[in-house]
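Student: Our numbering applies: residue 1 is where the sequence shown begins, and numbers increase by one.
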Amino acid sequence: MKKLAMIVAAAKNEVIGVNGDLPWQISADLKRFKRLTMGHHIIMGRKTYDSIGRLLPGRTTVIITRQADFVCEGGLVANSIEEAIELCAKDDLPFITGGAEIYRLALPFVNEIHLTRVHTEVDGDTKLPEIDWDDWTLVEEQHFQQDEKNSFDYSFQTFARS
Ligand SMILES: NC(=O)c1ccc[n+]([C@@H]2O[C@H](COP(=O)([O-])OP(=O)(O)OC[C@H]3O[C@@H](n4cnc5c(N)ncnc54)[C@H](OP(=O)(O)O)[C@@H]3O)[C@@H](O)[C@H]2O)c1
Numbered sequence: 001m002k003k004l005a006m007i008v009a010a011a012k013n014e015v016i017g018v019n020g021d022l023p024w025q026i027s028a029d030l031k032r033f034k035r036l037t038m039g040h041h042i043i044m045g046r047k048t049y050d051s052i053g054r055l056l057p058g059r060t061t062v063i064i065t066r067q068a069d070f071v072c073e074g075g076l077v078a079n080s081i082e083e084a085i086e087l088c089a090k091d092d093l094p095f096i097t098g099g100a101e102i103y104r105l106a107l108p109f110v111n112e113i114h115l116t117r118v119h120t121e122v123d124g125d126t127k128l129p130e131i132d133w134d135d136w137t138l139v140e141e142q143h144f145q146q147d148e149k150n151s152f153d154y155s156f157q158t159f160a161r162s
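Written out as C-alpha cells, the structure reads:
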C-alpha cells in the first residue's frame, strides 16, 4: 500500500447520514465515488454495508465488525481497523468509505481525503468526526450548482496530509 484514502460527503454542519442512509440525492457524488474507488479495496463499517445492501461491483469490500461469526460471501471481514488495512496491503490506494465510526478509527492512518462538501445544513444522526484541518492541505477543488440530478450545490475537494 502506498497511500490510504478516505472518501466522504458531508453537509456544512458535518452531517453525513440519517436513519442509516444518505441525507441527499447527489448523483455526481455517487459517480465520483465510483470513478475514484473502482478497482480498489473499500473499507466500510458493518452499518454502512447494511445500508448499501450489496457488494459494489469492481471493488473488493472489507467490512469491519465486532461480530466474530460475521460472514460475507464475496467480501472480506475484519474485526479491527488494523486488520482491515492489513487485508489491503497489496492495493496501492485503498479507500475508507465510512461511516462515522470507521472514519474516526481510520483517520490517524489516512493520507488523503476526498470530500464532497454539500452546501446545506441538514438534520441527521451521523456526523463526520472532528478533523483538524490545519493538518491538511487542499490540493484540488471544483464547485458545482444544484440541478435536477443534484439536490444542493456541492464542491469536490481533495486534501493531502500536510
Ligand atoms: N456521507 C457519506 O459519505 C457516508 C459514507 C458512509 C456512510 N454514511 C452514513 O453513515 C451512517 C452509518 O455510519 P455509522 O457510524 O452509524 O456506522 P458504520 O461506521 O458504518 O458502522 C459501525 C459498525 O462498525 C463496526 N465497528 C465499529 N467500531 C469497531 C471496532 N472498533 N472494531 C470492530 N468493529 C467496529 C460495528 O459493527 P457491528 O455492530 O457489526 O459489530 C459498528 O456497529 C449511515 O447513515 C450511512 O448512510 C455516509
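The C-beta atom is built at its ideal place from N, Cα and C for all residues, glycine as well.
1) Enumerate, from N- to C-terminal direction, the unbroken beta strand (DSSP E) stretches of 3 or more residues contained entirely within the segment 11 to 70.
2) State the DSSP-derived secondary structure class of Ile85, mapped to helix, strand or coil.
3) Just tell me which of Thr158, Thr97 and Ala84 has its CA closest to the CA of Arg117.
4) Could you check if Leu138 is buried or exposed, using at least 16 other CB atoms within 10 Å of its CB as the buried criterion?
5) How would you label Met38, buried or exposed, when you count the other beta carbons within 10 angstroms and need 16 or more for buried?
6) Report the residue from Asn13, Ile7 and Lys3 whose alpha carbon sits nearest the alpha carbon of Asp125.
7) Between the segment 53 to 63 and the segment 72 to 88, do three or more beta carbon pairs fall short of 8 Å?
8) Helix, strand or coil for Ile131, going by three-state DSSP, please let me know.
9) Quick check: is any heavy atom of ligand 1 less than 6 Å from the C-beta of Ala160?
10) Work out the CA separation of Ser80 and Asp132 for me, nearest whole Å.
11) Measuring alpha carbon to alpha carbon, tell me which of Ser151, Ile16, Tyr49 and Lys34 ends up nearest Gln25.
Tutor: The structure says:
1) 15 to 17, 41 to 45 and 60 to 64, all fully within the segment 11 to 70.
2) Correct three-state label for Ile85: helix.
3) Out of Thr158, Thr97 and Ala84, Thr158 has the C-alpha closest to the C-alpha of Arg117.
4) Leu138 comes out exposed.
5) By the 10 Å Cβ count, Met38 comes out exposed.
6) Looking at the Cα atoms, Asn13 is the closest of the given residues.
7) Touching, yes, given that three or more Cβ pairs across the two stretches are closer than 8 Å.
8) Coil, per DSSP.
9) No, the beta carbon of Ala160 sits no closer than 6 Å to any heavy atom of ligand 1.
10) Ser80 has its alpha-carbon roughly 23 Å from the corresponding atom of Asp132.
11) The shortest Cα separation from Gln25 among Ser151, Ile16, Tyr49 and Lys34 belongs to Ser151.
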